[in-house]
Amino acid sequence: MFHRFLLSTVLGGVLAAALVAAGGGVSQAQTSPAKKWTVPRTPDGQPDLQGFWNNTTYTPLQRPNGVNKEYYTAEEAVEMIKRAAADEAEQTVPGTVEDVHYDFTQFGLDRSQAPLAQNLRTSLIVDPADGKLPPLTEEGRRRQRARAEARKRAGGPTDAVQNQSLSVRCILMDRNGPPMLAGAYNNNYQIVQAPGYVMILVEMLHGPRIIPIDGRAQLPPAIRQLEGSSRGRWDGDTLVVETTNFTDATGFQGSSENMRLTERFTRVDAETMLYRFTVDDPSTWTRPWSAEVPWRKAVGPLFEHACHEGNYGLYNTLAGARAQDKREAEASASKPSNERSDP
Amino acid sequence: MRTTFAAAIAGAAILVAAAPTRAHHAFSAEFDISKPLKLQGTLRKWEMINPHSWFHVDVKMPDGTVVPWLIEGGSPNQLIRLGVTKNTLTMGTEFIIEGYQARDGTNKAVGRNFQFADGRTLFLGGSAPGATGADKP
Chain L
0 MFHRFLLSTV
10 LGGVLAAALV
20 AAGGGVSQAQ
30 TSPAKKWTVP
40 RTPDGQPDLQ
50 GFWNNTTYTP
60 LQRPNGVNKE
70 YYTAEEAVEM
80 IKRAAADEAE
90 QTVPGTVEDV
100 HYDFTQFGLD
110 RSQAPLAQNL
120 RTSLIVDPAD
130 GKLPPLTEEG
140 RRRQRARAEA
150 RKRAGGPTDA
160 VQNQSLSVRC
170 ILMDRNGPPM
180 LAGAYNNNYQ
190 IVQAPGYVMI
200 LVEMLHGPRI
210 IPIDGRAQLP
220 PAIRQLEGSS
230 RGRWDGDTLV
240 VETTNFTDAT
250 GFQGSSENMR
260 LTERFTRVDA
270 ETMLYRFTVD
280 DPSTWTRPWS
290 AEVPWRKAVG
300 PLFEHACHEG
310 NYGLYNTLAG
320 ARAQDKREAE
330 ASASKPSNER
340 SDP
Chain G
0 MRTTFAAAIA
10 GAAILVAAAP
20 TRAHHAFSAE
30 FDISKPLKLQ
40 GTLRKWEMIN
50 PHSWFHVDVK
60 MPDGTVVPWL
70 IEGGSPNQLI
80 RLGVTKNTLT
90 MGTEFIIEGY
100 QARDGTNKAV
110 GRNFQFADGR
120 TLFLGGSAPG
130 ATGADKP
């Protein structure tokens, strides 16, 4: 019942606006800007990227099988978004794994209720031209197998809290990256610029990326961090951020700790910033690859996301596993006596 | 109520973007798919916390005793952005909640669907049904 309401209101309203806007959308702004737009400046003369941004998208990282073009038409893009939004609002079937969840729409968390930049691309990956991740190198494949075996040796996901992912443990999420990619919801950021620094506050998990832009060297190679070591510089009106010094624990799409990530932040109009990143990791992929996603201006402020403090779900998950262990141990303990009573 | 919606899309083959991970942890690891439940109770407290909010609901049993339950809902940040506050839902509001009980057997559940006693579905989101201030209890 209510999903029809959603289609007629949310999609009819928000997405109809997207349809209108999509005709003059980001892809055109990127390739052939119809009108000159000047990037505003901070008082000290830097391109001004400050403000609140949101990178919610319906576009997948890799181009879906069966799609053989770089861009949808505006009409196709709107149909794709409508269908994805309908799928997201769709009610799941009771008794299925997918149904064990709260309803996103009841909490305003479905993507159709987020600011959405127009994007006609069929994949976030723009290079290689087929929109797919390049093939893994032999070393990349070996590492993938080794990581899978290490996970197996560590036991099941509920055998130890360390076996839960970094995001479940509220340590690092994909919105933070880098590279910074949207999750299901709360894809909000605030950029603040000060002399020598750019700070990007990530709402989820409320972590600031503090990026020096004063020309200093990267951290020494022996110092590795989950988010790597980032250094920025201006290339015209584009903020370029190089990040190295990753750890083996982050592994973006299977990357190694030697990944060199280059992010480029370019404002293309008053409402849109183009975020493009290039992953260079010869020990994992046979060639570098790049992706881009438009960020849309959003309304602030950001709100606190004290994930760890309120992470009852992690406790409940482990408590549920221990309760299951206890039930199985009791069943196993009672089994021998049953066997003895058997004729 | 929970029907499957099949969008009828005309035109060229347009593949739907894969939905991102629906939440930051596997809810089926926290809650038991074999323990669906339906509760009726009154709201005592709403913890608007992250990563997920929690509704404290008092459930009155047939013998008159009151049993407290904790019901998990969504992250509150988008709701706060849309103007929802901890005062938006009046304490004492009666809810009918369908969901699944926690795997550890305690009185916790995920709230699959929140309904008011008069049958309206709880929608706190900005552009969702029932989201306007006038529709809120």
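Chains as they are written, first to last, in numbering that gives the first Met the number 0: chain L, 0 to 342; chain G, 0 to 136. Cβ atoms here follow ideal geometry from the backbone N, Cα and C, with glycine treated the same way. Since this is a predicted model, take the numbers as computed values, not measurements.
Counting along the chain, the unbroken alpha helix (DSSP H) around ALA76 (chain L) starts and ends at 73 to 88. Minimum Cα-Cα distance from LEU225 (chain L) among the listed residues L:PHE106, L:LEU60 and L:ASN257 corresponds to L:ASN257. Under the DSSP assignment, ILE79 (chain G) falls in the alpha helix (DSSP H) whose first and last residues are 76 to 80.
GLY110 (chain G) carries a strand assignment under DSSP once its states are collapsed to helix, strand and coil. Taking a cut-off of 8 Å on C-beta distances, the region 277 to 290 of chain L touches the region 127 to 139 of chain L, as three or more cross pairs fall below it.
The beta carbon of LEU88 (chain G) does not come within 9 Å of any beta carbon belonging to chain L, so the residue lies off that interface. Counting only residues of its own chain and dropping the five nearest sequence neighbours on each side, ARG263 (chain L) has a CB closer than 6 Å to the CB of THR237, VAL239 and ARG275. Among the residues of the region 122 to 134 of chain L, none has a Cβ less than 7 Å away from any Cβ of chain G. Secondary-structure assignment with DSSP links PRO293 (chain L) through a beta bridge to L:LEU273.
Between ARG259 (chain L) and ASP234 (chain L), the C-beta gap is not smaller than 9 Å, which leaves the two residues out of contact. The secondary-structure analysis by DSSP pairs TRP52 (chain L) across a beta bridge with L:TYR188 and L:LYS296. Shown here, GLN45 (chain L) sits in coil according to DSSP, grouped into three states, outside any helix or strand. With a threshold of 16 other beta carbon atoms within 10 Å, SER33 (chain G) falls short and is exposed. Going by DSSP, PHE26 (chain G) is part of no beta strand (DSSP E) but of the alpha helix (DSSP H) stretching over 26 to 29. Annotation for GLN143 (chain L): the continuous alpha helix (DSSP H) segment containing it runs 137 to 152. Counted as a single uninterrupted DSSP element, the beta strand (DSSP E) harbouring HIS55 (chain G) occupies residues 53 to 59. With its beta carbon less than 9 Å from one in chain L, PRO35 (chain G) belongs to the interface. Take TRP36 (chain L), set aside five residues on each side of it, and the residues of its chain with a beta-carbon closer than 6 Å to its own are ASP268, in chain order.
Excluding five sequence positions before and after LYS131 (chain L), the CB atoms of its chain that fall closer than 7 Å to its own CB belong to GLN61, ARG62 and ILE124, given in chain order. At least one beta carbon of chain G lies nearer than 9 Å to the beta carbon of GLY94 (chain L). For ARG119 (chain G) and LEU88 (chain G), the gap between their C-alpha atoms comes out near 14 Å. For TRP68 (chain G), there are no neighbours in chain L by C-beta distance under 9 Å, as the nearest C-beta there is about 13 Å away.
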